[in-house]
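Let me begin by presenting the structure, written as structure tokens, before commenting on it.
Printed below as a string of structure tokens:
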């Protein structure tokens, strides 16, 4: 006795595919129960009786049980993951580096199941300087990879990880494909702009200009020239052979307007949003370009800060005049053995003049 279940999506008979399943089962209802067992040889001592063959099995039947979905009896694990191979996007030169685009994937996730995708990039083929997986944010399907702080344009190597979960252990999510787009160009990691300027108009005292730009406050005096009163939110340190940059970029959002005269005016600022752009990734070379009317104040501050951090002349260089055509450029040099590590957060602030 017993019961055997056979699951199928399409049925084939001797004449090919079966289109009428009910008719097929009507003509295939009998299942042989099997012959009886063969008798053993010999007799019981002192008896003339011999053993007999076993009784044949009864006739079974085929039962058509409609089940829409096959339910596995062996449960799946509640969670698991897979990591892709390390993809080399190639490298041409500093003006034709990698610009990452969107990530998309195809999946099947039944109720109670899900798939989470993480992506990270690196300068080297071993991914040794990439962000640890546990610190990488999960991407959304179709997301621009530049929005992930575990990914940076200009990095040659890229890798993804899929985390699969299920709350119903008879079901499992299915990841079918993952696609990452990229092109070549000169990457710009972050771009911020905006400034606030105050000009004094004294008759008997030296006049000056106070400027807020790129997070710093600069005073430009008719006597004494340019002076940085408050440093920008930039930290430059050196740990071993690594140059570490921590930058908080501030983008001012508003209209180009001015106010003056004997009446008082107020500059109103309000926080809009902020996001971590780069979460401590390594680079070979990084350029910090500033468009400013006060290149002297910026050059002095960067020179003083870099030297105080222990950077030598082979590790950074300051060039340019601060104009739009020739911005003041602070270039940090590095390589595999002495990388430049960057942590970059970007904030947006609304600015209005009232009064």
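Numbering (our numbering), first residue to last: -2 to 352. All residues carry an ideal CB built from backbone N, CA and C; glycine is no exception.
In chain order, what residues of the same chain have a beta carbon less than 8 Å from the beta carbon of residue i, not counting five sequence neighbours either side?
i: residue 110; result: 161, 162, 163, 164, 165, 168, 169, 170
i: residue 311; result: 330
i: residue 76; result: 160, 161, 162, 163
i: residue 276; result: 128, 132, 146, 147, 340
i: residue 250; result: 191, 269, 345, 346, 347, 348
i: residue 220; result: 203
i: residue 84; result: 154, 155, 156, 177
i: residue 126; result: 119, 120, 278, 279, 336
i: residue 222; result: 293
For residue i, report the span of its alpha helix (DSSP H) as first-last.
i: residue 296; result: 292 to 306
Looking at the unbroken beta strand (DSSP E) that takes in residue i, where does it start and where does it end?
i: residue 78; result: 76 to 80
i: residue 213; result: 213 to 218
i: residue 247; result: 239 to 250
i: residue 159; result: 154 to 163
i: residue 325; result: 325 to 330
i: residue 116; result: 110 to 119
i: residue 232; result: 231 to 236
i: residue 284; result: 282 to 287
i: residue 49; result: It is not in any beta strand (DSSP E) - residue 49 carries neither H nor E in the DSSP assignment.
i: residue 223; result: 222 to 227
Under 6 Å Cβ to Cβ from residue i, same chain only, skipping five residues before and after it: list those, please.
i: residue 245; result: 230, 342
i: residue 337; result: 240, 280, 283, 329, 331
i: residue 81; result: 156, 157
i: residue 248; result: 189, 345
i: residue 195; result: 207
i: residue 98; result: 178, 179
i: residue 174; result: 103
Identify every residue that forms a DSSP beta bridge with residue i.
i: residue 320; result: Its beta-bridge partners do not exist; DSSP assigns none.
i: residue 185; result: In DSSP, residue 185 forms no bridge with anything.
i: residue 126; result: DSSP lists no partner for residue 126.
i: residue 207; result: 195, 216
i: residue 141; result: 99
i: residue 10; result: 13
i: residue 171; result: 105
i: residue 177; result: 100
i: residue 151; result: Its beta-bridge partners do not exist; DSSP assigns none.
i: residue 315; result: 327
i: residue 84; result: 155
i: residue 345; result: 248, 270
Measure the beta-carbon distance from residue i to residue j and round it to whole angstroms, keeping in mind my assumption that it falls under 8 Å.
i: residue 344; j: residue 274; result: Residue 344 to residue 274, Cβ: 10 Å. No contact.
i: residue 133; j: residue 147; result: 4 Å
i: residue 346; j: residue 268; result: 6 Å
i: residue 73; j: residue 153; result: Wrong, their Cβ atoms sit about 36 Å apart, outside the cutoff.
i: residue 180; j: residue 96; result: 5 Å
i: residue 183; j: residue 124; result: No, residue 183 and residue 124 are not in contact; Cβ-Cβ is about 24 Å, not under 8 Å.
Excluding the 5 residues preceding and the 5 following residue i in the sequence, name in chain order all residues of the same chain whose CB lies nearer than 7 Å to its CB.
i: residue 101; result: 138, 139, 176
i: residue 321; result: 288
i: residue 78; result: 158, 159, 160, 161
i: residue 306; result: 233, 234, 235
i: residue 227; result: 213, 214
i: residue 334; result: 238
i: residue 197; result: 204, 205
i: residue 324; result: 286, 287, 288, 317
i: residue 308; result: 235, 240
i: residue 313; result: 303, 327, 328, 329, 330
i: residue 135; result: 113, 114, 115
i: residue 295; result: 287, 289, 325
i: residue 106; result: 112, 170
i: residue 209; result: 192, 193
i: residue 17; result: none
i: residue 130; result: 115, 158
Determine, using beta carbons only, whether residue i comes closer than 9 Å to chain B.
i: residue 311; result: Among the chains of the structure shown, chain B does not appear; only one protein chain is present.
ask   = Is the region 193 to 211 in contact with the region 302 to 309, if contact means three or more CB pairs nearer than 8 Å?
value = no
message = Closer than 8 Å is the cut-off here; do at least three beta carbon pairs connect the region 116 to 128 with the region 182 to 196?
response = no
inquiry  = Three Cβ pairs or more, each shorter than 8 Å: is that satisfied between the region 124 to 144 and the region 209 to 220?
reply    = Contact fails between the region 124 to 144 and the region 209 to 220, because fewer than three Cβ pairs, one in each stretch, are under 8 Å apart.
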